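**Student:** Submitted below is the structure of interest, expressed as structure tokens.
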Amino acid sequence: MNLRQVQIQAVPAAGPPIAALGLVAVKKLVSRSVSERTANREGLQHAYRHLSWYWELSGHLLQSNKYDSSTRELRNLLRIEITRLYKELLKYLMESVLIRRKNCLLRAVRDTIKFDDWESKIAAIKGIETQIKDSITKYSDIEKGKLRKLALQEKYHEHINALGDADDVGDPEFDLEHVMEEKGGLLSSCCSWFFKLPNFQKFISDTKPGVFWITGAAGKGKTRLMCDIIQNLQVRVPEGKVCYYFCQARKLGSVEYDSAALRGLIKSIVFQHVDLVSHVRERLDNNRDGFRGRNAAFAARQALTSILESRQMKGAVICIDALDECGGDLGHLLELITRKCDVKWVVSSRSKTAAVDRKLTAHSTCFKMSLEDAGNCVSNAVSLYVEEQTRVLEEKWSTTSETRTIKKINNTLIERAEGTFLWVSLACKELQKLSSARNALKTLDSLPKTINSLYKRMMNIIRDGPDFEDCKEVLGACLVAQRDITVREFCLLLKCPEELEEEEILYWEKIVEECGYFLRISPVNHAIKFVHKSAKDYLMETEASEIPRVGINHDILRNSIKMMSGKLRRDMWQLRHPGAAKPAKGPDNDPLELISYPCTFWASHLNIPSSPIAEQDTVAAVLLGEDILNFLKVHLLHWMEALTLLGAMLEGGVALLKLRDFAVGLNPES
């Protein structure tokens, strides 16, 4: 047998395996085509099923919420992910439709070689869905956390009302922002020196409780420094362990207002530890009058003592600014500060405040730092503040060619400031009036060195101006007002026009600007404020004889009665039912907005220590009494309803006491 024969014989033997191999290949190709079509069909079902679901979900999840900006960025990222998923789903559907319009043979070939690879495409879609589900879970967790917080805050507000309805106990976070805004924002580099002090570092690092006491004269930057301390501690100390309160001099002499600092401090603590509100509730259960009346301060002190002794307060730091301005609370606060408890205190006060000096100097764990003694550090801080202010002036004047002049202005401000922020602020306010740097140095040279001398100079400028009478009226109104008032409120309270025109408001805004060394308009709530407590003190002590507070009190009283008589009626907020719960906020066009001050404080202008109206001319007093009686006969219940809606029932009680005193003054024998 030759070789050719062997080969010919081998071919028939190989035939069956080759045929089997061919059958396997064909079967595999057919199976691949079928599986590809199955994958496409299942993918279509998945796409159709989830397309409508994600449509409904996005409509609910991504709806614009103008009241909640905290999760806006998260919603935007989620919107991008869902948009990407929509694109992939729609792309998958369109490709599936298009492939069905192609030639059957061509489609079979594409399926056989997995040209479209439907499994990979639907797997990619499912991968995007997994990412979205993870994002939705995180978003839901955040929303649930916010709902839990809202529930806790609802409980907090329900119980914290027991502290009193007076608006002197504000939101602690808002108070901090408000004070910072009043100081023109913070320049952190101005206060960085303080945190390097060995005594302060030791005070913070030590686990034992103690007191760090900051003293300084007016304008030395105590409040500015306290704001920076609070923000610094909020980073360094565990969350919820920093509480604070900014004391302010109170105009009302009632016992309720004397407890404002204690109640404010309680609110600041409970704001972060809602469960501690039970201590407030406990005082209410034991005392029918709660935090009102003669025992208000004692009830608040007992509640605060109980709170400070709780385990949640261990390691907490409490900051109190301007102890000397907390009125009748001072004794109670000093007792709490020097009491043994696991709390650290950072407090500030003016120098030579006898009660504070006597109590804290004798306290064994008290670190005292005088801003006068830290002269170099404070001067350096003032220098940084001056640099910031001169930079603002340079931008205003748009000057680059007068660099030497700007440098001289900077050096002159530093030299004459003598470590006082307030002097720099007032001096720069004078420079702001100039259109260029040309006469800036002359202006600075003409300014007195002390704060009171500077106030006197500015008062002389106002006195020599054409609008002196109007300026006196604005200054007097701000001195006697029981809270900060807006220009619109000033016009209504002092002028009481039938219709308040915009030109009138603009005119009085200009008058406030002319009193710029004493007053300013807040950009936050448009209220007229004193630039500093020292400005108010100067007017009260030095210029009291020139500012007509008696007449202004009388005008505010009469115009308040007139405004209330014209506006008050039954069901001001249209709640429809006398037992309806008070809404969280009033209607858009709140009818009480323009008469909130008269409703709350009108009776406070009846009798002030310097000149009680009841001691004036008897005929005028009797006529005033008749006006008050006629008002109460018609509007007593309307007024009480308004006080409830305004959250000012506490002031209503004070007003009734003043009305009683006024009536007794008219007829002592009765």
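According to the UniProt record's numbering, the sequence shown is numbered sequentially starting from 1.
Heads up, the beta-carbon is just placed ideally off N, CA and C, and yes, glycines get one too.
Here the structure is a predicted model, which means the values were calculated and not measured.
What first and last residue would you give for the alpha helix (DSSP H) that runs through ARG520?
**Tutor:** Counting from 1 along the sequence shown, the entry for residue 520 is found at position 520. ARG520 -> not in any alpha helix (DSSP H); beta strand (DSSP E) instead, spanning 519 to 521.
**Student:** Work out the CA separation of ALA620 and LYS472 for me, nearest whole Å.
**Tutor:** Stepping through the sequence shown from its first residue, residue 472 is reached at position 472. Stepping through the sequence shown from its first residue, residue 620 is reached at position 620. Roughly 24 Å separates the two Cα atoms.
**Student:** For residue 672 versus LEU304, is the C-beta distance shorter than 9 Å?
**Tutor:** Since the first residue of the chain shown is 1 and the last is 670, residue 672 is not available in this structure.
**Student:** Does DSSP put TRP639 in a helix, in a strand, or in coil?
**Tutor:** On the sequence shown, position 639 is the one that residue 639 refers to. Three-state result, TRP639: helix.
**Student:** Output needed for LEU493: all residues of its chain with C-beta closer than 6 Å, excluding positions within five of it in sequence on either side, in chain order.
**Tutor:** Counting from 1 along the sequence shown, the entry for residue 493 is found at position 493. Counting only Cβ-Cβ distances below 6 Å, and skipping sequence neighbours, we find ILE556, ASN559.
**Student:** Return the CA-CA distance between GLY221 and TRP213, expressed in angstroms with no decimal places.
**Tutor:** Here residue 221 corresponds to residue number 221 of the sequence shown, with the count starting at 1. Here residue 213 corresponds to residue number 213 of the sequence shown, with the count starting at 1. Cα to Cα, GLY221 sits roughly 14 Å from TRP213.
**Student:** Would you tell me roughly how many angstroms separate the C-alpha atoms of PHE367 and ARG350, rounded to the nearest one?
**Tutor:** The residue given as residue 367 occupies position 367 in the sequence shown. The residue given as residue 350 occupies position 350 in the sequence shown. PHE367 and ARG350: Cα-Cα distance of roughly 16 Å.
**Student:** Rounded to the nearest angstrom, how far is the Cβ of VAL524 from that of GLU181, given a contact under 8 Å?
**Tutor:** Mapped onto the sequence shown, residue 524 falls at position 524. Mapped onto the sequence shown, residue 181 falls at position 181. Their Cβ separation, rounded to whole angstroms, is 6 Å, which keeps VAL524 and GLU181 in contact under 8 Å.
**Student:** Buried or exposed for ASN40, please, with buried defined as at least 16 other CB atoms from any protein chain shown within 10 angstroms of its CB.
**Tutor:** Counted from its first residue, the sequence shown places residue 40 at position 40. Buried, since its Cβ has 16 or more Cβ neighbours within 10 Å.
**Student:** Touch check for the region 224 to 244 and the region 427 to 437: three-plus C-beta pairs under 8 Å?
**Tutor:** Touching, no.
**Student:** Taking ARG391 as part of the alpha helix (DSSP H), name the residues at either end of that continuous run.
**Tutor:** Taking the sequence shown and counting its residues from 1, the one referred to as residue 391 is at position 391. Taken as a continuous stretch (DSSP letters only), the alpha helix (DSSP H) holding ARG391 covers 375 to 397.
**Student:** Decide yes or no for the touch test of the region 438 to 446 against the region 524 to 539: beta carbon pairs closer than 8 Å, at least 3 of them.
**Tutor:** Taking 8 Å as the limit for Cβ pairs, the verdict is that the region 524 to 539 does not touch the region 438 to 446.
**Student:** Who pairs with SER349 in a beta bridge, going by DSSP?
**Tutor:** As a position in the sequence shown, residue 349 is number 349, starting the count at 1. THR215, per the DSSP bridge assignment.
**Student:** Just to confirm, is the Cβ distance from ASP357 to TYR245 under 9 Å?
**Tutor:** Reading the sequence shown from its first residue, position 357 is the one you call residue 357. Reading the sequence shown from its first residue, position 245 is the one you call residue 245. No, they are not a contact pair.
**Student:** Using only CA atoms, which one of VAL424, LEU426, ARG263 lies nearest to ALA299?
**Tutor:** By 1-based counting over the sequence shown, the position of residue 299 is 299. It is ARG263 whose Cα lies nearest to the Cα of ALA299.
**Student:** If VAL179 sits next to CYS227, beta carbons under 8 Å apart, how far is it from one beta carbon to the other, in whole angstroms?
**Tutor:** The residue you call residue 179 lines up with position 179 of the sequence shown. The residue you call residue 227 lines up with position 227 of the sequence shown. Contact holds; Cβ gap of about 6 Å.
**Student:** Along the chain, where does the alpha helix (DSSP H) that runs through MET649 open and close?
**Tutor:** Position 649 of the sequence shown, counting from 1, holds the residue named residue 649. Residues 649 to 666.
**Student:** Return helix, strand or coil for VAL255, following the three-state DSSP convention.
**Tutor:** To locate residue 255, count along the sequence shown from 1; it is residue 255. For VAL255, the predicted structure reports a pLDDT of 45, less than 50, and the residue's modelled location is therefore unreliable. A value from the coordinates is still provided. Three-state result, VAL255: helix.
**Student:** Are the region 505 to 512 and the region 571 to 585 in contact at 8 Å, needing three or more beta carbon pairs?
**Tutor:** Taking 8 Å as the limit for Cβ pairs, the verdict is that the region 571 to 585 does not touch the region 505 to 512.
**Student:** With hydrogens ignored, establish whether the beta-carbon of THR112 is closer than 8 Å to any heavy atom of the ligand NAD.
**Tutor:** The ligand content of the structure shown is nil, which means the ligand NAD is not present either.
**Student:** Which residues in the same chain have their Cβ closer than 7 Å to the Cβ of THR338, if we skip the five residues on either side of it in sequence?
**Tutor:** As a working note, residue 338 is residue 338 in the sequence shown. Hits under 7 Å: LYS359, HIS363.
**Student:** Between LYS396, VAL347, SER370, SER425, which has its C-alpha nearest LEU384's C-alpha?
**Tutor:** Taking the first residue of the sequence shown as position 1, residue 384 is located at position 384. Answer by Cα proximity: SER425.
**Student:** For MET572, name the three-state secondary structure that DSSP assigns.
**Tutor:** Against the sequence shown, residue 572 aligns to sequence position 572. If DSSP states are grouped into helix, strand and coil, MET572 belongs with coil.
**Student:** With H, G and I counted as helix, E and B as strand and the rest as coil, what does DSSP make of residue 717?
**Tutor:** Here the chain covers residues 1 to 670 and nothing more, so residue 717 does not appear.
**Student:** Alpha carbon to alpha carbon, what distance is there between PHE115 and ILE80?
**Tutor:** Along the sequence shown, read from residue 1 onward, the residue named residue 80 stands at position 80. Along the sequence shown, read from residue 1 onward, the residue named residue 115 stands at position 115. Their Cα atoms are separated by approximately 29 Å.
**Student:** Assign PRO598 to one of two classes, buried (16 or more other C-beta atoms within 10 Å of its C-beta) or exposed (fewer than that).
**Tutor:** As a first step, residue 598 is located in the sequence shown; it is residue number 598 there, counting from the start. By the 10 Å Cβ count, PRO598 comes out buried.
**Student:** In the DSSP assignment, what residue or residues form a beta bridge with ASP321?
**Tutor:** Along the sequence shown, one-based indexing puts residue 321 at 321. Looking at the DSSP assignment, ASP321 forms a beta bridge with PHE246.
**Student:** Quick one: Cα of ILE521 to Cα of ILE528, how far?
**Tutor:** In the sequence shown, residue 521 corresponds to position 521, counting from 1. In the sequence shown, residue 528 corresponds to position 528, counting from 1. Distance between the alpha carbons of ILE521 and ILE528: 5 Å.
**Student:** Going by beta-carbon coordinates alone, are LEU539 and LEU475 separated by less than 9 Å?
**Tutor:** Stepping through the sequence shown from its first residue, residue 539 is reached at position 539. Stepping through the sequence shown from its first residue, residue 475 is reached at position 475. Cβ atoms of LEU539 and LEU475: closer than 9 Å.
**Student:** Does the distance from the C-beta atom of ALA437 to that of ILE461 stay below 9 Å?
**Tutor:** Sequence index remark: in the sequence shown, residue 437 carries index 437 (1-based). Sequence index remark: in the sequence shown, residue 461 carries index 461 (1-based). Taking 9 Å as the Cβ cut-off, ALA437 and ILE461 do not qualify as a contacting pair.
**Student:** The alpha helix (DSSP H) that contains CYS599, what's its start and end?
**Tutor:** As a first step, residue 599 must be located in the sequence shown, where it is residue number 599. That run of the alpha helix (DSSP H) goes 596 to 601.
**Student:** With three or more beta-carbon pairs closer than 8 Å as the criterion, would you say the region 644 to 656 touches the region 622 to 633?
**Tutor:** The region 644 to 656 vs the region 622 to 633: no contact.
**Student:** Reducing DSSP to helix, strand and coil, say where CYS341 ends up.
**Tutor:** Locating residue 341 in the sequence shown gives position 341, counting from the first residue. Here CYS341 sits in coil by DSSP.
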